[in-house]
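The structure under discussion appears below in the form of structure tokens.
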Amino acid sequence: MTWAHTFESSPDANLRGTLRPDFHWGFATAAAQIEGAWNKDGKGESIWDKFCHTRGKVKDGSTNEDATRAYDLFKQDVALMKSFGVSAYRFSLAWSRIIPLGGAEDPVNEKGVAYYNNLIDELVANGITPFVTLFHWDTPQNLEDRYGGMLNQERYTPDFVRYARLCFERFGDRVKHWITYNEPGVYTLAGYAAGVHAPARSSFRERNAEGDSSTETFTVAHTELVSHAHAVKVYREEFKEKQGGQIGITLHGNFSEPWDANDPQDVEAAQRAREFEIAWFADPIYGSGDYPQSMREQLGDRLPSFTDEERALVKGSSDFYGMNTYTTFFVRHLDGPADINDHLGNVEKLDTNSDDKSRGAESDTYWLRTAPEGFGKLLRWIWDRYHVPIFMTENGTTAKGEHVKAPPPESILDDKFRVEYFHSYLRELTCAVLDGVDIRSYFAWTFTDNWEWAAGYEDRFGCTWIDFESEEKTRYPKRSSYFLRDYFGHLIRKN
Ligand code: PNW
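Written out as structure tokens, the structure is:
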């Protein structure tokens with residue numbers, strides 16, 4: 282099935298050619314969600330391999346042992362992407378595939394290196410620019426066992442830096458766009474505050490045997506920031522001149538709107554929520570060089586302090602703002618002192634505002650609703666506060682009803698809900714560009730349905746539907762893939 286879209290009718294007609302000719306568009310993925318081959322060809326165990334083999338952790342009881350089998354089927358996937366006309370592909374490397382035990386002194390798995398070399402070569406041969414994420418949540422389990430992973434900044438940092446250096450050495454002749462960490466905030470909030478993601482630590486003993494949500498969350502974030510900055514320093518000092526690439530970090534961030542726009546306390550609470558979620562990582566890197574004052578006030582000494590050396594290292598440590606965003610929430614202030622385990626800025630997040638207006642149409646994922654207006658505001662908020670070029674590195678949605686048996690009926694593949702999501706968000710993106718916001722890429726999340734972490738295979742974010750029950754994980758493109766092809770064809774200037 283193919284679909285063709287034209288955009289001659291208002292208001293799309295006058296958006297033609299708005300995006301720069303070198304604007305990159307494509308799909309984003311993560312190794313642990315697609316590769317499968319979890320213990321093949323020498324790959325070591327990651328914290329997600331352990332997590333999904335622990336009873337009760339994943340919603341549908343599934344594992345990522347096979348996932349979409351992207352490890353075996355990468356040539357087919359590159360050909361499919363090419364048929365959608367992408368110019369770029371963002372994917373992550375599995376650290377434990379490259380260094381199975383993870384550490385600076387541990388051996389390299391040449392078969393793992395070869396897999397990524399083959400994938401990169403295949404992309405380049407097909408004219409697709411690789412954007413490579415070093416870390417998308419799959420810490421080698423051995424580093425967790427050896428010294429507590431990111432809780433141990435001193436021991437972890439040299440291990441991460443050696444892994445990063447090895448990747449620059451082996452892949453940097455062809456990879457010119459590097460991302461150190463994907464969403465350091467979600468990694469620590471879900472893994473150490475809520476305890477619902479690997480490595481499954483929190484203060485909540487009914488869920489996790491160990492952990493302290495009130496401190497570890499911020500310790501791990503600090504380790505991510507500092508180790509990111511060390512890896513960037515290595516790239517800039519030892520590789521950048523010769524290889525000519527760019528390096529940065531990707532942060533998550535949804536938009537927060539006041540629940541009651543006429544209540545100054547809610548207006549303040551929405552700003553505080555944006556700072557707890559976004560400025561937590563972005564201020565040290567792109568702004569003041571320190572954590573936001575609002576966080577220091579609430580968290581006191583539970584928030585680590587940057588040494589002078591760390592501050593100098595972290596500030597300016599990203600060539601661009603890597604941005605993942607999905608939705609918007611209404612935020613209402615809470616009275617009284619914040620809970621010890623609060624990470625939101627002493628607010629509550631709601632689906633409707635004081636006028637009972639909904640934040641958007643429901644997807645198949647509880648936290649995600651279509652909210653393009655907030656996206657437009659968020660782009661401007663980030664641009665006004667930090668003024669660095671923005672690479673959109675993830676954006677997308679699930680849609681209700683897609684979890685059916687194969688073969689999927691045409692009504693499922695004609696994914697109107699997802700098309701409407703992309704259409705409305707890309708209009709906002711284009712308007713922001715017209716307003717002067719410097720945006721250089723857009724990666725849809727995600728290429729195919731995949732293993733959605735603790736939600737298993739039931740949350741389908743793909744622009745291609747996958748039959749997970751078939752041996753070949755048969756791929757069925759949804760209409761949204763063709764919509765993106767046609768809409769970017771319209772939006773990107775041709776010269
Ligand atoms: C991202 N939130 O995670 C990740 O980078 C992907 O690996 C993941 O599959 C995708 O989004 C969809 O979930 C997020 O609650 C998880 O706002 C949660 C949120 C945002 C991003």
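Okay, so the sequence shown: first residue is 282 according to my numbering, each after it adds one.
Even for Gly, the Cβ is constructed at its ideal location relative to N, Cα and C.
Distance between residue j and residue i (C-alpha atoms, nearest Å)
{"i": "residue 293", "j": "residue 704", "result": "10 Å"}
{"i": "residue 378", "j": "residue 540", "result": "45 Å"}
{"i": "residue 499", "j": "residue 561", "result": "10 Å"}
{"i": "residue 483", "j": "residue 366", "result": "43 Å"}
{"i": "residue 658", "j": "residue 381", "result": "42 Å"}
{"i": "residue 420", "j": "residue 428", "result": "12 Å"}
{"i": "residue 425", "j": "residue 328", "result": "8 Å"}
{"i": "residue 521", "j": "residue 515", "result": "9 Å"}
{"i": "residue 444", "j": "residue 309", "result": "22 Å"}
{"i": "residue 343", "j": "residue 737", "result": "6 Å"}
{"i": "residue 627", "j": "residue 619", "result": "5 Å"}
{"i": "residue 557", "j": "residue 578", "result": "12 Å"}
{"i": "residue 613", "j": "residue 624", "result": "14 Å"}
{"i": "residue 685", "j": "residue 728", "result": "19 Å"}
{"i": "residue 735", "j": "residue 290", "result": "42 Å"}
{"i": "residue 434", "j": "residue 687", "result": "47 Å"}
{"i": "residue 492", "j": "residue 473", "result": "7 Å"}
One or two residues paired with residue i in a DSSP bridge
{"i": "residue 503", "result": "Looking at the DSSP assignment, residue 503 forms no beta bridge with any residue, so it has no partner."}
{"i": "residue 537", "result": "610"}
{"i": "residue 459", "result": "413, 528"}
{"i": "residue 745", "result": "758"}
{"i": "residue 605", "result": "533, 675"}
{"i": "residue 723", "result": "306, 673"}
{"i": "residue 630", "result": "612"}
{"i": "residue 643", "result": "650"}
{"i": "residue 421", "result": "327"}
{"i": "residue 371", "result": "309, 412"}
{"i": "residue 773", "result": "300"}
beta-carbon residue i near ligand 1 non-hydrogen atom, thresh 7 Å
{"i": "residue 434", "result": "no"}
{"i": "residue 780", "result": "This structure cannot speak to residue 780, because the chain is shown only from 282 to 776."}
{"i": "residue 742", "result": "yes"}
{"i": "residue 533", "result": "yes"}
{"i": "residue 314", "result": "yes"}
{"i": "residue 543", "result": "no"}
{"i": "residue 428", "result": "no"}
{"i": "residue 605", "result": "yes"}
{"i": "residue 311", "result": "yes"}
{"i": "residue 467", "result": "yes"}
{"i": "residue 505", "result": "no"}
{"i": "residue 726", "result": "yes"}
{"i": "residue 683", "result": "no"}
{"i": "residue 329", "result": "no"}
{"i": "residue 643", "result": "no"}
{"i": "residue 425", "result": "no"}
{"i": "residue 753", "result": "no"}
{"i": "residue 733", "result": "yes"}
{"i": "residue 319", "result": "no"}
{"i": "residue 648", "result": "yes"}
Beta-carbon proximity check, residue i vs residue j, cutoff 8 Å
{"i": "residue 346", "j": "residue 393", "result": "no"}
{"i": "residue 307", "j": "residue 369", "result": "yes"}
{"i": "residue 299", "j": "residue 772", "result": "yes"}
{"i": "residue 496", "j": "residue 583", "result": "yes"}
{"i": "residue 754", "j": "residue 694", "result": "no"}
{"i": "residue 787", "j": "residue 596", "result": "The question about residue 787 has no answer, for the chain in this structure spans 282 to 776."}
{"i": "residue 469", "j": "residue 490", "result": "no"}
{"i": "residue 722", "j": "residue 744", "result": "no"}
{"i": "residue 410", "j": "residue 460", "result": "no"}
{"i": "residue 800", "j": "residue 555", "result": "Because residue 800 is not part of the residues shown, which for the chain are 282 to 776, the question remains open."}
{"i": "residue 742", "j": "residue 726", "result": "yes"}
{"i": "residue 348", "j": "residue 401", "result": "no"}
{"i": "residue 667", "j": "residue 602", "result": "yes"}
{"i": "residue 533", "j": "residue 605", "result": "yes"}
{"i": "residue 660", "j": "residue 713", "result": "yes"}
{"i": "residue 462", "j": "residue 416", "result": "yes"}
Residue i beta carbon near ligand 2 (any heavy atom closer than 7 Å)
{"i": "residue 676", "result": "Judged by which ligands are present, ligand 2 is missing from the structure shown, whose ligands are ligand 1."}
Exposure label - residue i; buried when at least 16 CB within 10 Å
{"i": "residue 530", "result": "buried"}
{"i": "residue 639", "result": "exposed"}
{"i": "residue 465", "result": "buried"}
{"i": "residue 551", "result": "buried"}
{"i": "residue 682", "result": "exposed"}
{"i": "residue 324", "result": "buried"}
{"i": "residue 775", "result": "exposed"}
{"i": "residue 287", "result": "exposed"}
{"i": "residue 537", "result": "buried"}
{"i": "residue 633", "result": "exposed"}
{"i": "residue 523", "result": "exposed"}
{"i": "residue 621", "result": "exposed"}
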